[in-house]
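Those letters in the sequence shown? Residues 855 to 998, by our numbering. Heads up, the beta-carbon is just placed ideally off N, CA and C, and yes, glycines get one too. Please read all numbers here as calculations on a predicted model, not as lab measurements. Inspection log for the structure reproduced underneath, given as structure tokens.
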Amino acid sequence: PALLDAAVAVNDGQPERMLELLDSHVDVAGDRVAVLGLAFKPGTDDIRNSRAIPIIEGLRERGAEVVGYDPVATENMRERFPDVAYADAAPDALDGASAALVVTDWDEFAALDDAFDAMAEPVVIDGRRVIERREGLTYEGLTW
855 PALLDAAVAV
865 NDGQPERMLE
875 LLDSHVDVAG
885 DRVAVLGLAF
895 KPGTDDIRNS
905 RAIPIIEGLR
915 ERGAEVVGYD
925 PVATENMRER
935 FPDVAYADAA
945 PDALDGASAA
955 LVVTDWDEFA
965 ALDDAFDAMA
975 EPVVIDGRRV
985 IERREGLTYE
995 GLTW
């Protein structure tokens, strides 16, 4: 039970860790921030226990203009956060964003390389380590 409790504690703390990493690179107040992956796991539109929920809440507390994208869970998240903007495609969410947080490891996110060039400041906090680290991209990766 102690190991399980520790694992749950780490998992529950990851959204805050992602936000702390973001804070160490950019002040997002008034800036567009993309949240990629809204479902709690790939292959579903289920947002229950999605790590995107506390991340969106934290970004809003910081005054960010949040733009969410998920290939299938957008409508469910829109019910939860109707005042958040949603993109029809990941590159649209990244366009003009100061930062992006990758929350769910959808396969399509691994192929976004050139889309990061459209960001105002390419700061990527990758919670699933699906994005390839490259020059010109401020990248922080962690997993849970």
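- Going by DSSP, Thr958 is part of no alpha helix (DSSP H) at all; its letter is neither H nor E.
- Taking 8 Å as the cut-off, the Cβ atoms of Asp968 and Arg982 do not count as close.
- Annotation for Ile909: the continuous alpha helix (DSSP H) segment containing it runs 906-915.
- When Cβ pairs closer than 8 Å are counted between the two stretches, the stretch 921-940 is seen to touch the stretch 890-902, the count reaching three or more.
- By the neighbour-count criterion, in which 16 or more other beta carbons inside 10 Å mark a residue as buried, Pro976 falls on the buried side.
- Three or more Cβ pairs closer than 8 Å define a contact, and the stretch 881-896 meets that threshold against the stretch 907-918.
- Each residue's CA atom was taken as its position, placing Ala888 and Ala951 some 6 Å apart.
- Shown here for Gly912: same chain residues with a beta carbon closer than 8 Å to its own, the five before and five after excluded, namely Pro869, Glu870, Leu873 in chain order.
- For Glu919, the enclosing beta strand (DSSP E) begins and ends at 919-923.
- For Asp946, the secondary structure class from DSSP, reduced to helix, strand or coil, is helix.
- Excluding residues up to 5 positions away in sequence, Val921, Tyr923, Ala947 lie with their Cβ nearer than 6 Å to the Cβ of Ala941 in the same chain.
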